[in-house]
């Protein structure tokens, strides 16, 4: 009975996993991870700084891009300390309450990012289909409300799922599959009826991601319908080109996210390396690639970066 109470306590200890079979190379493996985190943080902070300081970028599209950068960092940064503690052989232990907080941030910001991508799709729809009303429809006040609503929706949706975890006895191994905490990973260790968590988790994914992805799809149906009405080929290309970065961002988030969910639910007995590989792609690839893609594809962001990095004399020749 004492063991059960101990395992059920908020102070129970879980053990994170690095990369099985490559423990002796963990220090070397940490180098590319360190570079990815560094690039992701620097690129997203640069985007945020440019959008904040450049008056030319005080437009709805760039406000949503700033939201995307914030959610990218909110999704990846909570995992940074636990990952490097494992790879640098400092400690594999993580307390239950810290684990729950970590998974709350990871899952909340992943759902929030999906909502932000929906908002960005609506932004492109308004810009292309109703260009004359663009500034009057997407006001700063409305954009702020959309961002707050996306965050609250995701956060409140996670509370019923995570609030049940302290009441589960974890009498099996306390060894997690990753170097950070995921709900679907922890729930498999519980010695209790976890049917609610499993069903609610599936419903949550289906409803939130399903609604967001459906909204993105419908937005692009209207966008394509509007673009095809443009008479000139150059005009059609220009209109579609403004959506290219957003489409890449959608694929970068949804493909690893769906892949990780499928692996956890339907490939439980596959190689642990597959689980670990998918989990790290899910968290590290969007924060790194999203700002790079938008910097390459968006002229105003490129100019802002050059304005920030280059001296005035060189800047005048480049721009």
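In my numbering, the protein residues as written are 179 to 497.
Glycine is no exception: its CB is placed at the ideal position from the N, C-alpha and C atoms.
| Check | Outcome |
| --- | --- |
| In the DSSP output, what is residue 273 paired with across the bridge? | 191 |
| Is there contact between the region 278–296 and the region 224–235, where contact requires at least three CB pairs shorter than 8 Å? | no |
| Under a Cβ-count criterion, where at least 16 other Cβ atoms within 10 Å of its own Cβ denotes burial, should residue 311 be classed as buried or exposed? | exposed |
| What does DSSP give as the partner residues of residue 353 in its beta bridges? | 193 |
| Within its chain, find whatever has a CB closer than 8 Å to the CB of residue 422; leave out the 5 residues flanking it on each side and keep chain order. | 475 |
| Should the region 206–216 be regarded as contacting the region 267–277, the criterion being three or more beta carbon pairs within less than 8 Å? | no |
| For residue 440, decide whether its Cβ has a neighbour in chain B, counting only Cβ atoms nearer than 9 Å. | No chain B is present in this structure, which holds just one protein chain. |
| Between 417, 335, 400, 247, which lies nearest to residue 386 when the distance is taken from Cα to Cα? | 335 |
| Classify residue 193: buried if its beta carbon has 16 or more other beta carbons within 10 angstroms, exposed otherwise. | exposed |
| How many angstroms separate the CA atom of residue 337 from the CA atom of residue 365? | 15 Å |
| Compute the Euclidean distance between the alpha carbons of residue 394 and residue 300, then round it to the nearest angstrom. | 8 Å |
| Could you work out which residue in 357, 370, 331 is closest to residue 347 when comparing CA atoms only? | 370 |
| Pick helix, strand or coil for residue 479, following the three-state DSSP scheme. | helix |
| Taking the alpha carbon of residue 333 as the point to measure from, which residue in 343, 372, 382, 314 has its own alpha carbon closest? | 382 |
| Using three-state DSSP, classify residue 406 as helix, strand or coil. | coil |
| According to DSSP, simplified to helix, strand and coil, what is residue 420? | helix |
| With a CB to CB cut of under 8 Å and the five nearest residues on each side skipped, what residues in its chain are close to residue 189? | Bear in mind that a pLDDT of 47 at residue 189, under 50, signals an unreliable position, so the model cannot answer this. |
| Going by the CB atoms, is the gap between residue 259 and residue 461 shorter than 9 Å? | no |
| Going by beta carbon distance, what residues of the same chain come within less than 7 Å of residue 217, once the five residues before and after it are set aside? | 466 |
| Which of the three DSSP states is assigned to residue 231 in this structure? | helix |
| Ordered along the chain, which non-local residues of its own chain (more than five positions away) have a Cβ less than 6 Å from that of residue 359? | 277, 280, 281 |
| Counting only runs of 4+ residues fully inside the region 198–228, write out the alpha helix (DSSP H) ranges in chain order. | none |
| Just to confirm, are residue 306 and residue 454 a CB contact at a threshold of 9 Å? | no |
| For residue 257, which residues of its own chain have a beta-carbon under 8 Å away from its beta-carbon, when the five flanking residues on both sides are left out? | 280, 284, 357, 358, 461 |
| Less than 9 Å separating the beta-carbons of residue 199 and residue 265? | no |
| So, for residue 414: in the same chain, excluding its five sequence neighbours on each side, which residues have a beta-carbon less than 8 Å away from its beta-carbon? | 405, 406, 408 |
| Are the Cβ atoms of residue 452 and residue 463 separated by less than 9 Å? | no |
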